[in-house]
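Residue numbers (this note's numbering): 183 to 596. Don't be surprised by glycine CBs; every beta carbon is placed ideally from N, CA and C.
Below you can see the structure in the form of structure tokens.
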């Protein structure tokens, strides 16, 4: 009954969904590509090998799952890999990370017909949904087809758990269909069990296993050396964050460069109004430029390597923060705001080990950043603490592979 009502609401909302898709396609052309895939119509051939399907909704999940995907390909060459996503930036990231070594497609909308066409076309052996991707019709279709689905790198914040709990007739049956939930932390595991997950294992966070791109890091260090200026990075900022952070900066000393990298490409033009230069047009900012816009995708390793201090976006608005683990892995001193519920455990560990500082407001964050820019020894100590934190918590990818091995058995195909 609940799922029928959900499906009806989805069909009724479809015209609005298509309008939104078209609107986003104006600013991000990637949304205009392969639209038929959104409805389960695919040209990609399945190939002779059985497929392991991994769904990474956007950029963060694509990067988090990269090591797991590459290990699956290396250790199980008998399987092909199908990667799906939902955002244009996510698809571009998958293409950058994996190229033509895998099949890449949009995940269809969560209506029964589109889901059925998707499953009948690709016939995956098993599926891995990265982080918090609970789609009722998709999971019901996988159950009917007999395909096991694993929640990989499972994250369930207290806020998300409350939201799912408000729809028990929809959420609980969907979560109960999971063959396995690999939770990041004990808290995530407890919330998943409370929501109906039958088998939950704590595996750690795959983001700790993501290794920075050495070539991009080297390019970032060379860029900073060429500028010969201190660099403050505002990383993965969200709407409503850039202006108050920039306004809280101390009086300019004629040297500091603030490098702003918005979380979404669609906001590049909006944020460009706050900057004097941008990477796509002037890769090296002029000496008199105070704010430089990082308007490129897939270059966070470059930006973190170029920075002396990183202020993590998404944490000064109620968005739950962005990935601070990338910054820690790069050995850069980290400052974040009050809203970090999407990375609660990583934030707690970073604070406990001295790899990061937390600020309640943009003004306090800029004060903390300025203090770190003036204290090289503190920056070095924080950067080293961040690297050690990441080294100590690697291993989630191996645990995922071990747990998923029981599902990697190809059935006979007729």
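For the segment 532-542 against the segment 477-488, are there 3 or more C-beta pairs whose distance is under 8 Å? no
Q) I think residue 445 touches residue 496, with their Cβ atoms under 8 Å apart; what is that distance to the nearest whole Å? A) Position 263 of the chain shown, counted from the first residue, corresponds to residue 445. Position 314 of the chain shown, counted from the first residue, corresponds to residue 496. Rounded, the Cβ-Cβ distance is 7 Å, consistent with contact.
Rounded distance between the beta-carbons of residue 571 and residue 537, thought under 8 Å: For the purposes of this step, residue 537 is taken as residue 355 along the chain shown, with counting starting at 1. For the purposes of this step, residue 571 is taken as residue 389 along the chain shown, with counting starting at 1. Correct: roughly 5 Å between the Cβ atoms.
Skipping 5 residues on each side, what residues in its chain have a beta carbon closer than 8 Å to that of residue 276? What you label residue 276 is simply residue 94 of the chain shown in a count that begins at 1. Closer than 8 Å at the Cβ level, and outside the excluded window around residue 276, lie 238, 244, 265, 267, 284, 286.
Looking only at its own chain, which residues have a Cβ that is under 7 Å from the Cβ of residue 596, when we skip the five neighbours before and after it?
-> Taking the chain shown and counting its residues from 1, the one referred to as residue 596 is at position 414. Only weak support is given to the placement of residue 596: the predicted model assigns it a pLDDT of 39, under 50, and the value that follows is read from those uncertain coordinates. Counting only Cβ-Cβ distances below 7 Å, and skipping sequence neighbours, we find nothing.
*Report yes or no: do the segment 553-564 and the segment 351-365 share at least 3 C-beta pairs separated by less than 8 Å?*
no
### Query
What does DSSP give as the partner residues of residue 441 in its beta bridges?
Counting from 1 along the chain shown, the entry for residue 441 is found at position 259. Bridge partners of residue 441: 415, 474.
Taking Cβ positions, are residue 443 and residue 458 nearer each other than 7 Å? If you number the chain shown from 1, residue 443 lands on position 261. If you number the chain shown from 1, residue 458 lands on position 276. Cβ distance not < 7 Å, so residue 443 and residue 458 don't count as in contact.
Point to revise | Best match in 356, 519, 524 for proximity to residue 184 [C-alpha to C-alpha] | key: Sequence index remark: in the chain shown, residue 184 carries index 2 (1-based). Answer by Cα proximity: 356.
Next on the checklist: Suppose you measure from the CA of residue 380 to the CA of residue 359; what does that come to, to the nearest Å?
Outcome noted: Within the chain shown, numbered from 1, the residue matching residue 380 stands at position 198. Within the chain shown, numbered from 1, the residue matching residue 359 stands at position 177. The straight-line gap from Cα to Cα measures roughly 8 Å.
*asked:* So residue 321 and residue 331 are supposed to be a Cβ contact under 8 Å. How far apart are they, rounded?
replied: As a first step, residue 321 must be located in the chain shown, where it is residue number 139. As a first step, residue 331 must be located in the chain shown, where it is residue number 149. Between residue 331 and residue 321 the Cβ distance is about 6 Å, and since that is below 8 Å, they are a contact.
(message) Per the DSSP calculation, residue 248 is bridged to which residue(s)?
(response) Here residue 248 is taken as the residue at index 66 of the chain shown, counted from 1. DSSP output for residue 248 lists no bridge partner at all.
Determine the contact status of residue 448 and residue 454, defining contact as a CB-CB distance below 7 Å.
-> Walking along the chain shown from the start, residue 448 turns up at place 266. Walking along the chain shown from the start, residue 454 turns up at place 272. No, Cβ-Cβ distance for residue 448 and residue 454 is not below 7 Å.
Notebook entry, point to check: For residue 338, which of 204, 409, 316 has the nearest alpha-carbon?
Noted result: In the chain shown, counting from the first residue as 1, residue 338 sits at position 156. The candidate whose alpha carbon is nearest that of residue 338 is 316.
**Message:** Let's test the definition: count the other Cβ atoms within 10 Å of the Cβ of residue 437 and tell me whether it reaches 16, buried, or not, exposed.
**Reply:** Taking the chain shown and counting its residues from 1, one reaches residue 437 at position 255. That one is exposed.
* Which partner residues does residue 237 have in the DSSP bridge list? -> Residue 237 sits at position 55 when you count from the first residue of the chain shown. According to DSSP, residue 237 bridges with 266, 311.
| beta strand (DSSP E) runs contained entirely in the segment 269-355, provided each spans 3 or more residues | 285-288, 308-312, 331-336
To the nearest angstrom, report how far apart residue 594 and residue 304 are at their CA atoms. Within the chain shown, residue 594 is the residue found at index 412, counting from 1. Within the chain shown, residue 304 is the residue found at index 122, counting from 1. Any reading at residue 594 must be qualified, since the residue scores a pLDDT of 41, below 50, and its modelled position is unreliable; no value is offered.
Worksheet item: Should residue 411 and residue 456 be called a contact, given that it needs their Cβ atoms to be closer than 7 Å?
Response: Here residue 411 refers to the residue found at position 229 when the chain shown is read from its first residue. Here residue 456 refers to the residue found at position 274 when the chain shown is read from its first residue. No. Outside cutoff.
Could one say the Cβ of residue 548 lies closer than 7 Å to chain C's Cβ atoms, at least one of them? The chain labelled as chain C is not found in the depicted structure, where only one protein chain is given.
request  = Have a look at residue 201 and residue 419 and give me their C-alpha separation to the nearest angstrom.
outcome  = The residue you call residue 201 lines up with position 19 of the chain shown. The residue you call residue 419 lines up with position 237 of the chain shown. In a straight line, the C-alpha of residue 201 is about 26 Å away from that of residue 419.
Margin query: Going by C-alpha to C-alpha distance, which of 545, 421, 547, 504 sits closest to residue 527?
Written below: Locating residue 527 in the chain shown gives position 345, where the first residue counts as 1. Minimum Cα distance to residue 527 is reached at 504.
- Item | Complete alpha helix (DSSP H) runs within the segment 508-592 (minimum length 4 residues, chain order) | Fully enclosed alpha helix (DSSP H) runs of 4 or longer: 526-535, 544-555, 558-574, 578-586.
inquiry  = Considering only the alpha carbon of each residue, which of 340, 552, 567 lies closest to residue 314?
reply    = Working through the chain shown from its first residue, we reach residue 314 at position 132. The candidate whose alpha carbon is nearest that of residue 314 is 340.
Let me make sure I understand the geometry here. Which of 493, 231, 390 has the alpha-carbon closest to that of residue 554?
In the chain shown, the residue the question calls residue 554 occupies position 372. Closest option to residue 554, Cα to Cα, is 493.
| Residues that DSSP places opposite residue 363 in a beta bridge | Residue 363 sits at position 181 when you count from the first residue of the chain shown. DSSP output for residue 363 lists 333, 382 as bridge partner(s).
ask   = When burial is assigned at 16 or more other CB atoms within 10 Å of the CB, is residue 193 buried or exposed?
value = Locating residue 193 in the chain shown gives position 11, where the first residue counts as 1. Taking a 10 Å sphere around the C-beta of residue 193, we find fewer than 16 other C-beta atoms and assign the residue as exposed.
Within 10 angstroms of the Cβ of residue 597, are there 16 or more other Cβ atoms? Answer buried if so, exposed if not. Any question about residue 597 goes unanswered here, given that the chain covers just 183 to 596.
- prompt: residue 225 to residue 292, Cα distance in whole Å?
  reply: In the chain shown, residue 225 corresponds to position 43, counting from 1. In the chain shown, residue 292 corresponds to position 110, counting from 1. Each residue's Cα considered, the two are about 19 Å apart.
Selected residue, minimal CA-CA separation from residue 373, among 385, 408, 336:
Within the chain shown, the letter at position 191 stands for residue 373. It is 336 whose Cα lies nearest to the Cα of residue 373.
Notebook entry, point to check: Starting from residue 494 and walking both ways along the beta strand (DSSP E), at which residues does that stretch end?
Noted result: Taking the chain shown and counting its residues from 1, one reaches residue 494 at position 312. Element bounds for residue 494: 491-494.
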